[in-house]
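Report on the following structure.
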Amino acid sequence: MIDLPQEVREQYDGRVCSFWKDGKPLLLQLSSYLRAEGTQLGARGRLRERMAKHAEDWKAWDENLFPELSVDQATAEFLDESGLLWIHSYLVWPHLTVYATISGPEADVRKLDSWAMDALRSLKLALQ
571 MIDLPQEVRE QYDGRVCSFW KDGKPLLLQL SSYLRAEGTQ LGARGRLRER MAKHAEDWKA
631 WDENLFPELS VDQATAEFLD ESGLLWIHSY LVWPHLTVYA TISGPEADVR KLDSWAMDAL
691 RSLKLALQ
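For the sequence shown, the residue numbers in the numbering used here are 571 to 698.
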């Protein structure tokens with residue numbers, strides 16, 4: 571479950587769920603991976619793999635993005651050649667990994683109280 575403002579639009583393509591506001595450049599994307607057996611790769615390991623695939627000037631975050639400290643998490647960012655800031659974050663539970671990106675103009679993405687940051691921090695697991 572995720573808390574989103576009413577005006578946020580969404581699109582699900584079977585693997586990635588994208589959220590945005592019409593006419594605004596900020597984008598939140600989420601995907602998840604279930605683990606039924608075996609050992610879950612940790613957040614830092616997943617982030618290292620992601621960073622190795624993309625030759626960017628990555629900056630790892632020291633602070634946690636997600637408020638629940640029991641969740642294994644790792645976050646890094648880079649500024650692309652067109653001036654868009656990309657934040658990549660992995661949230662890992664024993665049975666589930668959530669991969670999140672927030673992207674847009676640097677000034678918008680850096681707002682820690684943006685709708686996208688608030689939505690990501692509101693993420694809750696729903697058991698069915």
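Each residue gets a CB set at the ideal place from its N, CA and C atoms; glycine is no exception.
Element boundaries [alpha helix (DSSP H), containing residue i]
i	result
residue 617	613-623
residue 686	685-691
Residue i, buried or exposed, once every other Cβ within 10 Å from all chains shown has been counted against 16
i	result
residue 624	exposed
residue 643	buried
residue 692	exposed
residue 674	buried
residue 585	exposed
residue 646	buried
residue 677	exposed
Terminal residues of the beta strand (DSSP E) in which residue i lies
i	result
residue 590	587-591
residue 578	578-582
residue 648	642-649
DSSP beta-bridge partners of residue i
i	result
residue 672	598 and 657
Beta-carbon contacts of residue i that lie in its chain and below 6 Å, excluding the five residues immediately before and after
i	result
residue 686	596, 598 and 672
residue 690	670
Contacting residues, own chain, Cβ-Cβ under 7 Å from residue i (five flanking each side not counted)
i	result
residue 665	604 and 605
residue 620	658
Close beta carbons around residue i, own chain, < 8 Å, minus the five adjacent residues each side
i	result
residue 573	688, 689 and 692
(request) Indicate whether the contact test is met: 3 or more Cβ pairs, each with one atom in the stretch 650-665 and one in the stretch 573-585, closer than 8 Å. (result) no
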